[in-house]
Amino acid sequence: MNYLIRLKGAVLDILSPPICLICEKALQKTEKEEYICASCFNSIPINTALYCSICRARLADNKKVCHKKDSYLLGAATSYDDEKVKKLIWRLKYKKQKCAAKPLAKILLAYIGPIRPISPASLIIPIPLHPSRERGRGFNQSEAIAEEISKTLGVKLMTGNLIRIKNTKPQPEIKGLEKRQENIAGCFAVKNPELIKGKKIIPIDDVFTSGSTMNEAVKILRKAGAARVIGLVIAKV
Ligand SMILES: [Zn+2]
Ligand SMILES: [Zn+2]
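Numbering (the UniProt record's numbering), first residue to last: 1 to 237.
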């Protein structure tokens, strides 16, 4: 059976040799499982600190000096201005290429490594999509990334508890912070708060633009009793 799986893989490689999802050059054998080449990966700048979720100040030593009463810290692996990162996210969300979650998770893991925002007892919760949106894409992009993080770090992934109860317009279609906040208000709910209460929660999303989506999710998680929250995203604007 293993032989047949390997054979199938080899035939597929000949028919459509694996290429880097960013520069589209053929991948080396060692890069095949990564979906991007080493040179593209190494050229992506990785951030080295957490951020204030209100003013986005970079927090030296990951400690709050501003907005001390803020309900969560923001972890953003890189910048959405980076064209390579943008391309990977575009492939994942709009070209429905679920395999792009793997290199995006690798970027997030490179960021997480030295900062260690996730402890073994944390709960990773991907920002949910409305079921009709998820059906359209075939998967939830944040969940695809969160799955990789959970697998690699051995930290529990929780899905189906934080849910989306309102089918809102996609945030990129809405201009202005106030309008975005209005659009997203009341769109999340927690089914079973007991599973959240007293825990350190790590919501994961792909991009942090206005912050409205993450803010709203954290508000609901806090209401459900989350003790600490660190919101993680691949890229922030
Ligand atoms: Zn490349
Ligand atoms: Zn601040």
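Beta carbons are placed, not taken as given, at the ideal position from N, Cα and C, and that holds for glycine.
Consult DSSP for residue 104 and reduce its assignment to one of helix, strand or coil. Reduced to three states, the DSSP call for residue 104 is helix.
At a threshold of 7 Å, does residue 54 count as lining ligand 2 (C-beta to nearest heavy atom)? The nearest non-hydrogen atom of ligand 2 is less than 7 Å from the C-beta of residue 54.
Can you check which of these residues, 76, 22, 18, is closest to residue 41 by C-alpha distance? Taking only the C-alpha atoms, the option nearest residue 41 is 22.
Applying the criterion that 16 or more other CB atoms from any shown protein chain within 10 Å of the CB defines a buried residue, is residue 84 buried or exposed? Its Cβ being crowded by 16 or more others within 10 Å, residue 84 is buried.
Mind reading off the beta-carbon distance from residue 226 to residue 204? Whole number of angstroms is fine, and I expect it under 8 Å. About 14 Å; that fails the 8 Å criterion.
Residue 229: buried (16+ other C-beta within 10 angstroms of its C-beta) or exposed? Buried, because 16 or more other Cβ atoms sit within 10 Å of the Cβ of residue 229.
Return the first residue and the last residue of the alpha helix (DSSP H) that residue 135 is part of. Where residue 135 is concerned, the enclosing alpha helix (DSSP H) stretches over 131-137.
Does the separation of the CB atoms of residue 52 and residue 81 fall below 8 Å? Cβ distance not < 8 Å, so residue 52 and residue 81 don't count as in contact.
Just to confirm my understanding: we take residue 159, look at its own chain, exclude 5 residues before and 5 after, and list those with CB closer than 7 Å. What are they? Cβ neighbours of residue 159 beyond the five flanking positions: 126, 143.
Within the structure, which residues are defined as neighbours of ligand 1 by a Cβ-heavy atom distance below 5 Å, reported in chain order? Here the residues close to ligand 1, judged by CB distance below 5 Å to any of its heavy atoms, are 20, 22, 23, 37, 40 in chain order.
Any non-hydrogen atom of ligand 2 closer than 7 Å to residue 76 Cβ: Answer for residue 76: no, Cβ out of range of ligand 2.
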